[in-house]
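J.:
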Amino acid sequence: MQLHKPYRTIDEQIQLLTSRGMSVGPEAKHALQREGYYAIVNGYKDQFLDRRASQRVGDDRYIEGTRFDDLYALFRFDRELRSLLFQGITPAEATLKAICSHEFTKAYPSESNPYLNPHNYDSQSYSSACKLIDKVFRRILESNRTEHNGRHAGKAYIRHCLNDHNGQVPLWVLANDLSLGQIAWFFQISAPQVRLAVAESFTDLYADTHDTPRKSPSNDSIPSMADWCSSETYAHMMNAAIAPMPTNASTSPCSSWSMTCHTCLTKSHT
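So the sequence shown is numbered by my numbering: it starts at 172 and just counts up by one.
1) Helix, strand or coil: how does DSSP classify Leu-220 here?
2) Beta-carbon within less than 6 Å of Arg-238's beta-carbon, same chain only, minus the 5 sequence neighbours each way: which residues are those?
3) Please state the DSSP three-state secondary structure of Ser-194.
4) Sorted by chain position, which residues of the same chain lie with C-beta nearer than 6 Å to Ala-224's C-beta, five sequence neighbours on each side aside?
5) What is the DSSP secondary structure of Thr-189, counted as helix, strand or coil?
6) Do you know offhand how far Leu-349's Cα is from Asp-382's?
7) Taking the straight line between their C-alpha atoms, what separation do you get for Phe-219 and Arg-191?
8) Compare the beta carbon distance of Ser-272 and Trp-343 with 7 Å and say whether it is the shorter of the two.
9) Which residues in the same chain as Glu-274 place their Cβ atom closer than 6 Å to its Cβ, once the five residues preceding and following it in sequence are excluded?
10) On the DSSP letters alone, give me the boundaries of the alpha helix (DSSP H) that Ile-211 sits inside.
11) Roughly how many angstroms lie between the CA atoms of Ala-355 and Leu-267, to the nearest whole one?
12) CB-CB under 7 Å to Ile-185, same chain, minus the five flanking residues each way: which ones, in chain order?
13) Thinking C-beta only, is Asn-315 closer than 7 Å to Ile-304?
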């Protein structure tokens, strides 16, 4: 059977790039060994493709003057930027989870697992609340109730609440198993008074810990922060705005990147 993507040695990978019009220096071999062809080339090639030539021959062809170093520099810059962003986003994510859990639970103090009640969310986002409850919250809870080959999946701290506290799993416990995208989704469809309380708590916390406090809360910063965690958002930014284009480039930047992987953070769920 003929393979769609046959195995190639490192030297063969370099020959392939050269045959497609890329200038490849001796350092490329070690880069391909360390990082892999797919991660460097397929992830960052779009800005450097000659669209017309590629279409004409039915395969990738690079703009004249494209160097492997160009793709690899973009690859490394992207990695460093992600690392820096996550250093800031990680504590912000923890704060968002803590404040959302506190304010939402405060709004429904006498209700067991109030996050499972779709009526506790913004009335205009009822269908989105049902999706969040079924696809995220219930799925997490069920995965912690289920055994696989005699072993429990999920997290011990959630199983403890399910087994020892009559199935009551406080949101501040469950939130530890949520991604940033999921907690941002939760925030966006929470009742208006809860969203306002979260924003005000952020503002108060900032005022207490910074010399130049914000004067007004903003709901927009939370989904914006979550947007940054989409890998395709990173790729879109890197490839559409920062890629070092060859000086004689004759084609416009590629705009084929999709943002659909983070639709759960946007209005498409409402």
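Even for Gly, the Cβ is constructed at its ideal location relative to N, Cα and C.
Keep in mind the model is a prediction, meaning the values are calculated, not measured.
T.: So, from the data block:
1) strand
2) Ser-194
3) strand
4) Arg-232
5) helix
6) 32 Å
7) 11 Å
8) yes
9) Val-365, Ala-368 and Val-369
10) Unbroken run through Ile-211: none, as it is neither H nor E.
11) 8 Å
12) Val-195, Ala-199 and Lys-200
13) no
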